[in-house]
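FYI, the numbering for the sequence shown is 172 to 869, going by the working numbering.
Glycine residues also receive a C-beta, built at the ideal position from the N, C-alpha and C atoms.
One structure is given below, encoded as C-alpha cells.
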Amino acid sequence: MENEEVMGGTSDPVDKLIDVDEDDDDLVEVELEDVPVTVGTQKRKAKRRKTSAVWAFFEMLPAKGDGDKPCCRCKKCGNKYVSPGNYGTGTLKRHVESCYKKRTNDVAQLLLGNKDGSMSVSSSKFDPDTFRELLVAAIVMHDLPFRFVEYVGVRAIFSYLRSDVVHITRNTAKADTLKIYKRERDRIKSMLKSAPGRISLTSDLWTSIITDGYMCLTAHFLDKNWVLHKRVLNFCLMPPPHNGISLSEKIYNLLCEWGIENKVFSVTLDNASSNDTSVDMLRTQLNIKKALVCQGDLFHLRCCAHILNLIVQDGLKEIDGVVQKIRECIKYVKGSQGRKVKFFDSVKQMSLDGKKGLRQDVPTRWNSTFLMLESAIFYRRAFHHLELTDSNFKHCPIADEWNKAEKISTFLAVFYDATCVFSGTKYPTANLYFQQVFMVYLTLRQGSESEDEYVRRMAEQMLVKFEKYWSEFSIVLAIAVILDPRFKLQFVDFCYKKLYGVGGSYEYLKVREKLFALFGEYVSNVPTPSSTTNNRGKAVQDLQFKSFSKETMFVMKEFDCFESDDVVGQTQKTQLELYLEEPRMDRNAKLDILSFWKGNQFRYPELAAMVRDVLSIPISTVASESTFSVGGRVIDQFRSALKPDVVEALICSRDWLYGDKDLAESQLDDLTEDIMKMDINKENNDEPPSMGSNADMV
C-alpha cells in the first residue's frame, strides 16, 4: 500500500520540494537537496535542482521530524517560511523585494526618529548591513570623528547588544561615507536636471582652523511640485589667490561639473570687491553661451544681511559711548558668581520679572547688540539699585544715557525685524524682502529728520550706506513683490511715491519696464510645462474630432470663425497684463504664495515659469554661511588633517540627507550669550540662579 500510494499518488514529495517556475527566465543554480524517492519497495536519494532565482536568497533548513514540512530561511533577515512546494514561490519573491529594497535613505530616516525621540522604524531582526549603514549615517549626522567606531566603550556596547557583531575600522567608515556621498551626488544631479525652472546660487568663502580656504556653493530652486529646495553643491578647497579671476573660474567649473551652467538665474554673494570682479567675469562667460535671462542684468545680488549689518554698524558708531557703557555693565555682572547674586537681589527688590535673559553682545553682529540694549533697558532699575548697593559697580549709565539707549533701541527695532527675515534658516520666498527694505528705507528717511541730534546723525550716516549698496538691485526685490497677488504693481507705486514723492513715478516706470522685459524673455525663450499640456490637449481634441462626422467638424470650424469675428479689433493681452488687472487679494490674507502659483500655473504658464525662478532667489548668503558652522565642527583642532574630499563628503552628505529636517536650526539668539537664567518665582530657592541657554529662556 505504501508503494502504491507513493508511486501512483499526485503528491510526490519530490514535487513538493522542487518548484519549476515557468515564468522565471533567470534561472540560477543554488544548492542541491537530498530528497528521498521511492522506487518499488526501496528508497534511493536523488538530487534535483531548484530552478527559481528566488532560491539564491534563501537556505533550506533541516526537517525537525518525519511529519514536519520543509522550511527555508532568508539569508538577509532570517525570516522563516514553509517551503512552497507546488504552490509557487510568490511569497518568497515578495519577501525578497521588500527585504532587499532598503536603501541608506531609509536608514537616514530611521536616525531622525519621531518627535518624542523614539525611532520611527523598528525591526526584531538584526541586519548587519543596516547596522553598518546606521553607524556611518550617525557619523555624518552628528559630525562624529571616524575613530568613533573604534572607541573601546562604543564597541563594548555593540558587543553587549549583539555578541556576533562585526566591528568596522575608521578606514571602513570613511570609505562608506564616500560611497554615500557619491550615490547622493548622483541623486542631487538628477534632481537639478529635472528641475523645471532655473537655479539660483549663493556662495561664500571660509577659512578653517588651519587657515585652509574653502568655498561653499549652494543651489536654490523650485521643483515640479513648487517646493523650495536648498542644496549644498560643493564645500571644496579653494587655494589662493582668492581674487576675482580665480573665484569666477572655480564657480564656472563647478557649474559645468553639475551640468547646470545653462540653468543659472542669479548668484548672491557677500559684499567684497573680489566678488564684484568674479561676477562680471562669470556673467561674461555665461552670456557667451546665451545662458542668462536679460543678458544677466538681474544676475548679481548682494547679500542683504551683510549690507544691513554694515549699515547699522556705521550708525552705532554715533552712540558708541552709550553702547560701551552698557556692555561694561553686563561684563561686570558676569564677572563673578557673587556679582550675579547681588544683581539677582536687585532684580527682586525692583519687582522685575527675572525670567528675561540678560545678554552680552558679539560686537561684530549688530543684532546681538540690539538684543543686549533691549535686555539692559528692561533691567534699568536693577542696575541703578546695584549701583547703590555695590560700591565697586561704577559703569552704570546716567539717566540721559538710558533715555538715549531707549530711543536708539526703538529706532533699530525695524532693522532687527528685517534681519530676522533676511537671516532666517528657513528663509522665505523673495516676495517678502521688498516690504522689509521699504520699511528700513522709510525709517532712515524719517530718522534723518528727527529732532534728536544723535538719532538724526545716526540715520544720515546709515542712509548714505543704504543708497550706496541697495540702489542697484532693488528692482529684483520689486519684481518679486509684484508677483505676490496681495501687492502687485500698486504696492511698488505706493512705496516709491511715499519715499520720493513726485519723483517716485520715474522709479516705478523703471521697475515696470524691467518687469515686462523679463516676462518677454520667458514668452520667447523659456520652455514651460504648457507645451506638454498643450500637446496632450491637442491629442485629446484630435481623438474627439475623429468621432465627429465631416458635417459636424465643418459646423465647429464655422463656430471658430464666428468667435474670431466677435473679437476683431480687441488686442490680445499677455498673461502678465491679465494677472496685473485682476483685483488684489486682501493684504492681511494668509497666503502660501507657492501654493497660489502652483494652482495657477496652467492658467498663466509663461508667467508661472518666470515666477518660479524669481521667487527662489536667495537675498542673503546665510544658507551658505550656516554650512560653515558645520564645517567648524568637522574640521576642528583634532581633525584638521582630514583630506578636502573627505570634508566635502561629510558636509555635503549631511546636507543632502538631513538638511531639510533642520536638525540644528540656528537661531539669532545663538549669536548672543545668556549670562544667567533668573527666575524669582521659584519657591524655596536658596541657591543662586543657574546659567541657562536661549532655549530655556521664556
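Contact under 7 Å by Cβ, residue i with residue j
i, j, result
"D816", "V403", "no"
"A630", "S619", "yes"
"E499", "H555", "no"
"H313", "R326", "no"
"W397", "Q484", "no"
"L232", "C248", "no"
"M521", "R530", "no"
"F605", "I482", "no"
"A820", "Y352", "yes"
"L766", "F392", "Residue identity check: residue 766 is Ser in the sequence provided, not Leu. Taking 7 Å as the Cβ cut-off, S766 and F392 do not qualify as a contacting pair."
"K685", "I653", "no"
"R354", "D784", "no"
"K513", "D561", "yes"
"E753", "Y693", "no"
"N414", "S445", "yes"
"L472", "T590", "no"
"K264", "V225", "yes"
"K668", "G675", "yes"
"V307", "A344", "yes"
"S449", "L418", "yes"
"P789", "S371", "yes"
Terminal residues of the alpha helix (DSSP H) in which residue i lies
i, result
"T301", "P299 to H313"
"R683", "G675 to S695"
"W641", "E624 to W641"
"E545", "W537 to F549"
"N574", "A570 to F593"
"Y604", "Y604 to G618"
"K511", "Q508 to Q520"
"A780", "P776 to L786"
"Y322", "Careful: Y322 lies outside any alpha helix (DSSP H) and carries neither H nor E."
"F658", "Neither: F658 is in no alpha helix (DSSP H) and is coded neither H nor E."
"E420", "G415 to W429"
"T262", "G261 to C270"
"I822", "P815 to Y829"
Exposure of residue i, with buried meaning 16 or more beta-carbon neighbours within 10 Å
i, result
"K421", "buried"
"T301", "buried"
"D757", "exposed"
"T378", "exposed"
"V311", "buried"
"K286", "Confidence in K286 is poor, its pLDDT being 48 and thus under 50, which makes the residue's placement too unreliable to answer from."
"K214", "Bear in mind that a pLDDT of 48 at K214, under 50, signals an unreliable position, so the number given afterwards is only what the model happens to contain. Under this definition K214 is an exposed residue."
"D441", "buried"
"I764", "buried"
"A870", "This structure gives no information on residue 870, because the portion of the chain shown stretches from 172 to 869."
"K814", "exposed"
"E727", "This sequence places Met at residue 727; Glu is not what is there. Burial call: exposed."
"E678", "buried"
"P410", "exposed"
"D833", "The predicted position of D833 is uncertain, since its pLDDT is 49 and thus under 50; a value taken from the coordinates is nonetheless stated next. Exposed."
"L828", "buried"
"D239", "exposed"
"I822", "buried"
Nearest-angstrom Cβ-Cβ length linking residue i and residue j, presumed shorter than 8 Å
i, j, result
"L463", "V438", "At roughly 10 Å, the Cβ-Cβ gap does not stay under 8 Å, so L463 and V438 are not in contact."
"L615", "L603", "Rounded, the Cβ-Cβ distance is 20 Å, inconsistent with contact."
"L363", "S374", "About 16 Å; that fails the 8 Å criterion."
"L557", "S507", "Actually they do not touch by this definition, with Cβ atoms about 13 Å apart."
"G525", "F515", "7 Å"
"R628", "E748", "With 8 Å as the limit, R628 and E748 do not qualify as a contact, their Cβ atoms being about 47 Å apart."
"K527", "S546", "6 Å"
"S594", "A443", "That pair is no contact at about 18 Å."
"A760", "R657", "6 Å"
"C465", "L689", "6 Å"
Segment limits, beta strand (DSSP E) that includes residue i
i, result
"C245", "C242 to C245"
"F436", "V435 to L440"
"M231", "F229 to L232"
"K251", "K251 to V253"
Below-7 Å beta-carbon distance, residue i vs any chain B residue
i, result
"I431", "No chain B appears in this structure, which consists of one protein chain only."
request  = Just list the alpha helix (DSSP H) runs in the region 324-367, keeping only unbroken ones of 4 residues or longer that don't cross its boundaries, in chain order.
outcome  = 341-365
query = Can you list, in chain order, the stretches of the alpha helix (DSSP H) that have 4 or more residues and sit fully within the region 444-506?
reply = Qualifying alpha helix (DSSP H) stretches, in chain order: 444-459, 475-487 and 491-505.
query = Where in the region 363-398 do unbroken runs of the beta strand (DSSP E), each at least 3 residues long, occur, reported from the N-terminal end onward?
reply = Complete beta strand (DSSP E) runs here, min 3: 370-378 and 384-393.
task = Quick one: which unbroken beta strand (DSSP E) runs of 3-plus residues sit fully inside the region 741-775? Chain order, please.
result = none
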